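Enquirer: Quick one: the structure is below, and I'll ask about it shortly.
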Amino acid sequence: MILTSAEKHALFDWDKFVEDGNRTNPVRQDNSELDKRNRIEKLEADDEAWFKEYFANFYTSEPTDWHKASTRRIMNNPEWFEVTPWARELSKSGRAMMAAIKLSVTGKKKNWFLGSNSYDNAVRLLRPYKSILENNARLIADYGIQKSYGNWSEGEFITLKGVAFRAIGAGQSPRGSRNDEVRPDGIIVDDFDTDEDCRNPDTVTQKYDWFEKALIPTRSISVPLLILWCGNIIAEDCCTVRAMKAADYYKIVNIRDKNGKSTWPQKNTEEMIDTALRNLSYKAIQGEYYNNPVTEGRVFKSLRYGKMRKLKDYRYLVAYTDPSYKKKGDFKATMLVGRWKNEYHVIKIYCDQTTTAQMLDWNYEILDYVKGEVPVYFYIEWPWIDDMLKLDITAANLRHGMTLHPKPDDRDKPDKYHRIESTLEPLNRNGELIFNEAEKETQHMKNTEGQFLALSPTSRAHDDAPDAVEGAIFVVNNKAMNNTSNIQTINASRKGSRRI
Numbered sequence: 141m142i143l144t145s146a147e148k149h150a151l152f153d154w155d156k157f158v159e160d161g162n163r164t165n166p167v168r169q170d171n172s173e174l175d176k177r178n179r180i181e182k183l184e185a186d187d188e189a190w191f192k193e194y195f196a197n198f199y200t201s202e203p204t205d206w207h208k209a210s211t212r213r214i215m216n217n218p219e220w221f222e223v224t225p226w227a228r229e230l231s232k233s234g235r236a237m238m239a240a241i242k243l244s245v246t247g248k249k250k251n252w253f254l255g256s257n258s259y260d261n262a263v264r265l266l267r268p269y270k271s272i273l274e275n276n277a278r279l280i281a282d283y284g285i286q287k288s289y290g291n292w293s294e295g296e297f298i299t300l301k302g303v304a305f306r307a308i309g310a311g312q313s314p315r316g317s318r319n320d321e322v323r324p325d326g327i328i329v330d331d332f333d334t335d336e337d338c339r340n341p342d343t344v345t346q347k348y349d350w351f352e353k354a355l356i357p358t359r360s361i362s363v364p365l366l367i368l369w370c371g372n373i374i375a376e377d378c379c380t381v382r383a384m385k386a387a388d389y390y391k392i393v394n395i396r397d398k399n400g401k402s403t404w405p406q407k408n409t410e411e412m413i414d415t416a417l418r419n420l421s422y423k424a425i426q427g428e429y430y431n432n433p434v435t436e437g438r439v440f441k442s443l444r445y446g447k448m449r450k451l452k453d454y455r456y457l458v459a460y461t462d463p464s465y466k467k468k469g470d471f472k473a474t475m476l477v478g479r480w481k482n483e484y485h486v487i488k489i490y491c492d493q494t495t496t497a498q499m500l501d502w503n504y505e506i507l508d509y510v511k512g513e514v515p516v517y518f519y520i521e522w523p524w525i526d527d528m529l530k531l532d533i534t535a536a537n538l539r540h541g542m543t544l545h546p547k548p549d550d551r552d553k554p555d556k557y558h559r560i561e562s563t564l565e566p567l568n569r570n571g572e573l574i575f576n577e578a579e580k581e582t583q584h585m586k587n588t589e590g591q592f593l594a595l596s597p598t599s600r601a602h603d604d605a606p607d608a609v610e611g612a613i614f615v616v617n618n619k620a621m622n623n624t625s626n627i628q629t630i631n632a633s634r635k636g637s638r639r640i
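So, in structure tokens, the structure goes:
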């Protein structure tokens, strides 16, 4: 039997996990009861110290400033609604659990709901709470035995101190839920959206209505309610997006920031992220790690691949670069395009999150690939020819021992989406835009295909590769109309120069 990822996770032995933590983090031996009280009081005044003390096997990396800021808001606002649309591997569920348990054992919250897309999934997510309250030796030593008898099941349990936890799935009736006289004063929603549900707007509306009209109203008006919503943005319209609009606070955090750096470098190094993402598609990476759901096929349902002509069959080629100065934060793209009869051939494809130096190196690789068999015109999107880029180009020329100065595309461009869609979609639909089949399995081409398939007027997906292809085709057509294809290039060795 093949298990889903959720089912595999459900089989995780949380009891053993906690026991292993107990062995590596033994109970503190205080000299006196006063020492113990002083130690606990000091820990309770510092959320991060408290988390580290009682959850050492979860607290394996130092938190970031945005982790700490979120915890301060949650712990200091009894009436609060916060959404954490953080990427995978950023500990949104783990930190919500640590906060909830601290609020519970310190008497600040009494009655919790843990809601998810189904009851079974809610039970799975509640399992570590139950196991920790049963088996965490340090917690028990300092706050007493938590497990009660008669009210202790997988989906619902009440501690000896009277704090209730209940798993609930979307659509279940939560009405009338009380812990003695206390209505729910804490709600954690986790893993609420599913891909299948988000394909149907009516289902999204139905589920969010349940959260808003059934789950939240179980509260008492006179008792503060804390709501923690843990979830990625998996669709343009999903319950997490709707919750963000209603929340007191939310902060989108991706696996890397806008400058291409790890948002949690204490845990996820650049090399680790590169390794984890290396075999994933553009669609999967954007959806799981960048809160950027990609709906494929709105404009380009597929791309056409084919064999390229011999280079000498093309009258000239255009290498067009769409750059970025965000280091690894955004994609850069360079496309080598030629026209043969009524077809546009994308011969060499470069598309990656990389440095400006590597982006410029692609142009020299193109020169080596062409080897002077056909004229090549190098262009770059305006307004990126600035002083910084000029210095980078000078350094690249020195590094490669030749002279290359891309010409800026200084046309007054219309809206990017409509420019790409109006130029490339008809060519692709009519089989006149062809990508080199020899490039199909490269990561550059996989990134390029992902960006083409993700293109839509509302998508936040990257579009650097389609933009570079459109720019190259514009130049190809412009030179054809101006009949400038007879300009010769100057052959050069590594010690010579080539100016194009």
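Numbering (my numbering), first residue to last: 141 to 640. Each residue gets a CB set at the ideal place from its N, CA and C atoms; glycine is no exception. Computed from a predicted structure; not experimentally measured.
(1) I'd like to check one pair, A535 with I395: are the Cβ atoms closer than 8 Å?
(2) With respect to the beta strand (DSSP E) encompassing W350, which residues constitute its N-terminal and C-terminal limits?
(3) What does the Cβ neighbour count give for S231, buried or exposed, with the cut at 16 atoms within 10 Å?
(4) Does the stretch 390-407 come within contact of the stretch 352-361, defined as at least 3 CB pairs closer than 8 Å?
(5) Quick one, are the C-beta atoms of P225 and I356 less than 8 Å apart?
(6) From K481 to G590, what distance separates their C-alpha atoms?
(7) If T299 sits next to R323, beta carbons under 8 Å apart, how far is it from one beta carbon to the other, in whole angstroms?
(8) Relative to the C-alpha of F198, which candidate in K176, V223, S233, I214 has its C-alpha closest?
(9) What do you reckon, are the CB atoms on T588 and I489 nearer than 8 Å?
(10) Enumerate in chain order the residues of its own chain whose CB-to-CB distance from V514 is below 7 Å, with the five nearest sequence positions on each side excluded.
(11) How big is the Cα-Cα spacing for L544 and I533?
(12) Alpha carbon to alpha carbon, what distance is there between M448 and I328?
(13) Do N275 and Y194 have their beta-carbon atoms positioned less than 8 Å apart in this structure?
(14) Taking Cβ to Cβ, would you say G722 is nearer than 8 Å to R444?
(15) Using only alpha-carbon positions, find the residue among G446, D549, T494, Y504 that is nearest to E521.
(16) Any C-beta of chain D sitting closer than 8 Å to the C-beta of A578?
(17) Whose C-alpha, out of N340, G311, P433, Q286, is nearest the C-alpha of A304?
(18) What's the C-alpha gap between A424 and P463?
(19) Over the uninterrupted beta strand (DSSP E) stretch that includes D549, give me the two end residues.
(20) Compute the distance between the beta-carbons of I374 and D333, then report whether it is under 8 Å.
(21) With a floor of 3 residues, list each beta strand (DSSP E) that falls wholly inside the stretch 349-381, ordered by position along the chain.
(22) When burial is assigned at 16 or more other CB atoms within 10 Å of the CB, is V167 buried or exposed?
(23) With burial defined as no fewer than 16 other Cβ atoms inside 10 Å of the residue's Cβ, what is the status of N568: buried or exposed?
(24) By the three-class DSSP mapping on this structure, what secondary structure does E565 have?
(25) Could you name the residues of the same chain whose beta carbon sits closer than 8 Å to that of T517, not counting the 5 residues immediately before and after it, in chain order?
Expert: Inspection of the coordinates gives the following:
(1) For this step, residue 395 is matched to residue 255 along the sequence shown. For this step, residue 535 is matched to residue 395 along the sequence shown. No. Outside cutoff.
(2) Taking the sequence shown and counting its residues from 1, one reaches residue 350 at position 210. Residue range 341-350 is occupied by the alpha helix (DSSP H) that includes W350, with no beta strand (DSSP E) assigned at that position.
(3) In the sequence shown, residue 231 corresponds to position 91, counting from 1. Looking at its Cβ environment, which holds 16 or more other Cβ atoms inside 10 Å, S231 is buried.
(4) No, they do not touch.
(5) For the purposes of this step, residue 225 is identified with residue 85 of the sequence shown, where counting begins at 1. For the purposes of this step, residue 356 is identified with residue 216 of the sequence shown, where counting begins at 1. No.
(6) Stepping through the sequence shown from its first residue, residue 481 is reached at position 341. Stepping through the sequence shown from its first residue, residue 590 is reached at position 450. About 27 Å.
(7) Locating residue 299 in the sequence shown gives position 159, counting from the first residue. Locating residue 323 in the sequence shown gives position 183, counting from the first residue. For T299 against R323, the beta-carbon gap comes to about 17 Å, at or over 8 Å, which does not count as contact.
(8) The residue given as residue 198 occupies position 58 in the sequence shown. Of the candidates K176, V223, S233, I214, the one whose C-alpha sits nearest the C-alpha of F198 is S233.
(9) Indexing the sequence shown from 1 puts residue 588 at position 448. Indexing the sequence shown from 1 puts residue 489 at position 349. It is a contact, given that the beta carbons lie within the stated cut-off.
(10) On the sequence shown, position 374 is the one that residue 514 refers to. Around V514: L451, K452, Y454, Y456, L457.
(11) Numbered from 1 along the sequence shown, position 404 holds the residue referred to as residue 544. Numbered from 1 along the sequence shown, position 393 holds the residue referred to as residue 533. C-alpha separation (whole angstroms): 8 Å.
(12) Reading the sequence shown from its first residue, position 188 is the one you call residue 328. Reading the sequence shown from its first residue, position 308 is the one you call residue 448. A direct Cα-Cα distance of roughly 55 Å separates I328 from M448.
(13) If you number the sequence shown from 1, residue 194 lands on position 54. If you number the sequence shown from 1, residue 275 lands on position 135. No. Outside cutoff.
(14) With the chain represented from 141 up to 640, any question about residue 722 goes unanswered, as that position is not in the structure.
(15) Locating residue 521 in the sequence shown gives position 381, where the first residue counts as 1. Cα-wise, what sits closest to E521 is D549.
(16) Absent from the structure is chain D; it holds one protein chain and no more.
(17) By one-based count along the sequence shown, residue 304 stands at place 164. Ranking N340, G311, P433, Q286 by CA distance to the CA of A304 puts Q286 first.
(18) In the sequence shown, counting from the first residue as 1, residue 424 sits at position 284. In the sequence shown, counting from the first residue as 1, residue 463 sits at position 323. Approximately 23 Å, taken between the alpha carbons.
(19) Taking the first residue of the sequence shown as position 1, residue 549 is located at position 409. First-last of the beta strand (DSSP E) with D549: 547-549.
(20) Within the sequence shown, the letter at position 234 stands for residue 374. Within the sequence shown, the letter at position 193 stands for residue 333. Result yes, Cβ atoms of I374 and D333 sit closer than 8 Å.
(21) List check, beta strand (DSSP E) in window: 366-370.
(22) Taking the first residue of the sequence shown as position 1, residue 167 is located at position 27. By the beta-carbon neighbour count (other beta carbons within 10 angstroms, threshold 16), V167 is exposed.
(23) Mapped onto the sequence shown, residue 568 falls at position 428. So N568 counts as buried.
(24) Taking the first residue of the sequence shown as 1, we reach residue 565 at position 425. Annotated three-state conformation of E565 is helix, per DSSP.
(25) The sequence position of residue 517 within the sequence shown is 377, counting from 1. Looking at the sequence itself, residue 517 is Tyr, so the reference to Thr does not match. Shown here for Y517: same chain residues with a beta carbon closer than 8 Å to its own, the five before and five after excluded, namely Y456, L457, V458, A459, K547, V615, K619, I640 in chain order.
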